[in-house]
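Visitor: Provided herewith is a single structure, encoded as structure tokens, for subsequent inquiry.
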Amino acid sequence: MEFPSKFNAESIASKWYEYWQKNEYFKSQPDAREPYTIVIPPPNVTGVLHMGHMLNNSLQDIIIRRARMRGYNACWVPGTDHASIATEAKVVAKLKAQGIEKSSLSREEFMKHAWDWTHEYGGVILEQLKKLGCSCDWTRTKFTLDPDMSASVIEVFIDLYNKGFIYRGFRMVNWDPEAQTTLSDEEVIYEERPGQLYHIAYSLVDSDEKVIIATTRPETLLGDTAVCVHPEDERYQHLKGKSVIVPIANRQIPVIQDEYVEMEFGTGCLKVTPAHDVNDKALGEKHHLECIDIFNANGTLNAHGLDYEGMDRFVARKQIVKDLEARGALVKKENYTHKVGTSERTKAVIEPRLSDQWFLKMEALAQPAIDAVMKDRSVELLPEKFINTYRHWMENIRDWNISRQLWWGHQIPAYYYGSGKEDFVVAQHAQEALQRAIEKSGNTQLKASDLKQDEDVLDTWFSSWLWPISVFDGIRNPDNPDINYYYPTQDLVTGPDILFFWVARMIIAGYEYRKEQPFSKVYLTGLVRDPKGRKMSKQLGNSPDALKLITDYGADAVRVGLMLSAAAGNDLLFDVNLCQQGKNFANKIWNAYRLMDGWEVDAQLKIPTHAAEGIEWYENQFQKTLQWVDHNFEKYRISDALMSIYKLIWEDFCSWLLELVKPDYGAPVSGALLQKLKTLFENNLRLLHPFMPFLSEEIWHFIADRKTDEALVVSSWPKQQNFDEVLLANFEIAKEIVGGVRNFRKEKQLGFKDVLTLQLTNSDEPLAFESAIVRLGLLEGMEYQNRVETQRGGAFRVDKLSFFIPLDEAVDVEEERAKIDAEIKYTQGFLAAVEKKLSNERFVNNAPPQVIELERKKAADAKSKIAILEKNRKAL
RNA sequence: GGGCGCUUAGCUCAGUUGGUUCAGAGCAUUUGGUUUACACCCAAAGGGUCGGGGGUUCGAAUCCCUCAGCGCCCACCA
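Count along the first sequence from 1, then add 1168; that gives the number in the numbering used here.
What follows is the structure, given as structure tokens:
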């Protein structure tokens, strides 16, 4: 079949993806080979592909494809996350758009809507990953709410509860009034926001005196139960034992003293609202203060809010400020920038709130995970700079609030049988719970209907943290063949934004449930930003449509574009120009093969000398590049690896080798040469395949008919061999000579059709790659002359070699002389510097011998070069 | 407030751990080029006192100190 002049990226992509799937190349089962396992960071089940996913998954695919080619049993496990709060928020919004309030639905009804939504949009993102070329083992696809995955989560909860790590506590937690659930500390994002600091006067009981407090949240005064000053504050000594009146609320509250108060801040006088501030809570406990909660779950004020009941907290704030002003209680307000906690998901301002929640004790669990990274290095973070961040978080780890007041997720397997705080049991299912409850309470009359399961679900991350284990069913069946074979996995590729949310916790779970790290390398990608360095976001509209990019440029080109600028851990400024560069590269590769494929072949022809030289050079150059590529892969410098391959193919193969070996127009090519070239090109495709899987596979099948087990995707990665450095260095000189000729042509305005003669004037030693030089410089042949006779033509030099090209044109002696003079001057300066160094005793005494030797050689070379130049100058 | 990191060509970044190969790459720019694979191309060129200052060393983009700017993470100052 004739090789087409153009290719359609989209159609070859779908063709080959189907072919790969049909032949089950991505499917993995335990066997005698060594495994290479990656578990995907499961995207949200209802999510759509964005730039971050593309970056992430391209990297994983590149790594896993190379591993597969290197003979590992490659297994990339895909899946999705139920993303409790994010998905629930979407479902709530959708229902709201249909005029349905979540509060009007039963749990079962809501879950039905949520599942419908999941079935409708779930897995869309996985289909999109296929468009990107991801070679996942789709037969292993997991969803965190699958029955087996859920069972693992519940089992772990029960296990940790039984071990005493999980407890129920009434604590100050982060409340998201929008989603109406608690959040873990990690889900709260603190943002600097302009606000105001209000100075409010509280009247002293039985006195005209006022006490001024400063607050950013005046509405919480309704929940005030004390005013606090520093015990050593001279200004407030007389307040000891007194009480003040909360304005508006007209309640009497005591003045307390505590060293917690910073005298310098504001007025040095602090209002204490134990129900709505973590510090105030601590103060309240210490001083046995009352706790007045003024908010409803949705952020409106409750009955304690008096006249403001039912108002949203921010509306109430404004109103209260107004009312304080009217009463003359507002002393002043000043602009004040402070940090405000917001919900990672809903962006709502977080409200500290006291409530009953489930917590996981982290300190003891974290210890092995600290050692794994800090001491044993069984988990490596890339780039290393994240180790410090990791350590700091781990060493100061706090208990994890794992309960959420949501429905979409794993319902907490706690069952209440009475009204007492401790009247509950934890069990796999209701039946077991009943048995336990009877045992625990001693009440044999308990019936199933007396038990009520906890309404809350578990934090999404409480299922994700088991992912590398649970996808292989290693929780419920800790000895099954899959988990034993595939665990621990090799690499995890994800963003640093979920280092704590997910990565650290997976390491913790790995040690708790497998006594081993879940992965040995964590590649932390950077954020994808736009060319101006801004974060990509929907609001800014600066995020390209991932699928449109694939349609416009082709998946291969997009992958290349992403990889070209994606150093590990560095943010990546994504510019569609990079995709264009990728597309150009694809075009180049295509045409390189098209050139070879179009030649007329003469099987009888021997390989010409110049071509043989070129082939030998390229084989060495390939090896040198391969070594560098492998090295970069080992260091996870994927973009460097790609860049070397890019240059190998574009410059070394196309610009040098193909230009060298291509037959004269219309002339046939030697069959042996073409065969050789195709083999070399196949090796190029092998290197290329992880980056550009579709294009490389397409050409691979044009080069030869391949059986199903001979597809590129399952072929082998090239093996390293020794290469000849001297030969490569000689070719570099040859390139420079060719460059010299090309420059000469440009200077003399000669066309490429003018055939010239090149004379080497200061040596009669034949040059390496002479035939190649002659061919590439379009020269008639090369002459060796020991001296330059004054004749018509022009000269140029490469290092210590001097060349002359005879031409029917007088030599511009002045110009030549000036050029040589400049070169002599430069070389003399260089020589002087080297000699100065060599005459420095301390250098000679201290520098290592090879460095001194090197300097001596540099000096000798410079001297001989000067001698040659002077000789040339004289000969003019 | 604590910790970490960054600053090299117009842009994005390498610089493998003080010494050939060190001042580089890709892109962009400029110049010249198309009957002979590719204009999604070819050939060439310009461009940086390696953020400032100081120090260590025979030798510093590389190590130390300091200043400036930027970024990230953590932390309960109302």
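The beta-carbon is built from N, C-alpha and C at its ideal position, and this holds for glycine as well. Computed from a prediction, not measured in an experiment: that's the story for all the values here.
Below 8 Å between beta carbons: does that hold for VAL1440 and VAL1412?
Guide: In this structure, VAL1412 does not lie closer than 8 Å to VAL1440 by Cβ.
Visitor: Reducing DSSP to helix, strand and coil, say where TRP1343 ends up.
Guide: TRP1343: strand per DSSP, three-state reduction.
Visitor: State the Cα-Cα distance for the pair ASN2013 and ARG1854, rounded to the nearest angstrom.
Guide: Distance between the alpha carbons of ASN2013 and ARG1854 is about 50 Å.
Visitor: Go ahead and pull the three-state DSSP assignment for HIS1367.
Guide: In the structure shown, HIS1367 sits in a strand (DSSP, three-state: E or B).
Visitor: If we call anything under 8 Å between Cβ atoms a contact, is SER1511 one with LEU1351?
Guide: It is a contact, given that the beta carbons lie within the stated cut-off.
Visitor: Quick check on the burial criterion: 16 or more other C-beta atoms within 10 angstroms. Buried or exposed for HIS1444?
Guide: Flag for HIS1444 reads buried.
Visitor: Roughly how far, in whole angstroms, is the beta-carbon of VAL1829 from the beta-carbon of ALA1771, given that I think they are within contact range, below 8 Å?
Guide: No, VAL1829 and ALA1771 are not in contact; Cβ-Cβ is about 16 Å, not under 8 Å.
Visitor: For GLY1588, does the three-state DSSP call read helix, strand or coil?
Guide: GLY1588: coil per DSSP, three-state reduction.
Visitor: Apply the 10 Å Cβ neighbour rule to GLU1359 and answer buried if 16 or more other Cβ atoms are within range, or exposed otherwise.
Guide: GLU1359 should be labelled exposed.
Visitor: Just the Cα atoms here: how many angstroms apart are ASN1464 and ASN1470?
Guide: Near 5 Å, if we compare the C-alpha coordinates of ASN1470 and ASN1464.
Visitor: Measure how close the beta-carbons of CYS1822 and ALA1902 come, nearest whole angstrom, since I'm counting them as under 8 Å.
Guide: Contact doesn't hold; Cβ gap of about 17 Å is too wide.
Visitor: Return the bridge partner residues of GLU1548 from the DSSP annotation.
Guide: Its beta-bridge partners are LYS1689.
Visitor: One question on the structure: do PHE1171 and ARG1762 come within less than 8 Å of each other, judged by their Cβ atoms?
Guide: Contact flag set, yes.
Visitor: May I have the straight-line CA-CA distance separating LYS2045 from ASN1738, to the nearest angstrom?
Guide: With the chain running from 1169 to 2044 in the structure shown, residue 2045 is simply not present.
Visitor: Could you have a look at THR1995 and say whether DSSP puts it in helix, strand or coil?
Guide: Helix at THR1995.
Visitor: Determine the contact status of GLN1364 and THR1384, defining contact as a CB-CB distance below 8 Å.
Guide: Cβ distance < 8 Å, so GLN1364 and THR1384 count as in contact.
Visitor: Report the three-state DSSP secondary structure of ALA1835 (helix, strand or coil).
Guide: Three-state DSSP puts ALA1835 in coil, outside helix and strand.
Visitor: Out of ASN1225, LEU1550 and LEU1826, state which residue places its alpha-carbon closest to the alpha-carbon of GLN1296.
Guide: For the residues ASN1225, LEU1550 and LEU1826, the minimum Cα distance to GLN1296 belongs to ASN1225.
Visitor: In terms of residue numbering, what span does the alpha helix (DSSP H) encompassing ASP1892 cover?
Guide: It is not in any alpha helix (DSSP H) - ASP1892 carries neither H nor E in the DSSP assignment.
Visitor: DSSP puts TYR1240 in a beta bridge; with which residues?
Guide: In DSSP, TYR1240 forms no bridge with anything.
Visitor: I'd like to confirm the pairing. Which residues does DSSP put opposite GLN1420 in its beta bridges?
Guide: Its beta-bridge partners are ILE1413.
Visitor: For the beta strand (DSSP E) holding ASP1659, just list the boundary residues, first then last.
Guide: Per DSSP, ASP1659 belongs to the beta strand (DSSP E) from 1657-1662.
Visitor: Is the distance from the Cβ of ILE1293 to the Cβ of GLY1215 below 8 Å?
Guide: Yes, these two residues count as a Cβ contact at 8 Å.
Visitor: In three-state terms, what does DSSP make of THR1557?
Guide: If DSSP states are grouped into helix, strand and coil, THR1557 belongs with the helices.
Visitor: Within the stretch 1467-1497, note down every full beta strand (DSSP E) run reaching 3 residues or more, in order along the chain.
Guide: You should have found no qualifying run.
Visitor: For ARG1805, does the count of other Cβ atoms within 10 angstroms reach 16, so buried, or fall short, so exposed?
Guide: It is buried - the Cβ of ARG1805 has at least 16 other Cβ atoms within 10 Å.
Visitor: Go to PRO1649, then tell me how far its alpha helix (DSSP H) extends in each direction, as first and last residue.
Guide: 1649-1654 is the extent of the alpha helix (DSSP H) around PRO1649.
Visitor: To the nearest angstrom, report how far apart LYS1887 and GLU1787 are at their CA atoms.
Guide: For LYS1887 and GLU1787, the distance between alpha carbons rounds to 12 Å.
Visitor: Of the residues ASP1641, GLU1784 and GLU1933, which one's Cα is nearest the Cα of VAL1321?
Guide: Comparing Cα positions, the closest option is ASP1641.
Visitor: Work out the CA separation of GLU1453 and THR1255 for me, nearest whole Å.
Guide: Rounded to the nearest angstrom, the two C-alpha atoms are 38 Å apart.
Visitor: Label PRO1209 either buried or exposed according to how many other C-beta atoms from any shown protein chain fall within 10 Å of its C-beta, with 16 as the threshold for buried.
Guide: Classification for PRO1209: buried.
Visitor: Does the beta-carbon of PHE1482 have 16 or more other beta-carbons within 10 angstroms, so that it is buried, or is it exposed?
Guide: With fewer than 16 Cβ atoms within 10 Å of its Cβ, PHE1482 is classed as exposed.
Visitor: Which of helix, strand or coil does DSSP assign to ARG1702?
Guide: In this structure, ARG1702 counts as coil in the three-state DSSP scheme.
Visitor: Rounded to whole angstroms, what is the Cα-Cα separation between ASP1647 and TRP1635?
Guide: About 17 Å.
Visitor: Report the option in ASN1852, THR1847 and VAL1942 whose CA atom is closest to the CA atom of ALA1872.
Guide: Checking every option, the nearest Cα to that of ALA1872 belongs to THR1847.
Visitor: Mind checking VAL1446: buried by the 16 CB within 10 Å criterion, or exposed?
Guide: Result: exposed.
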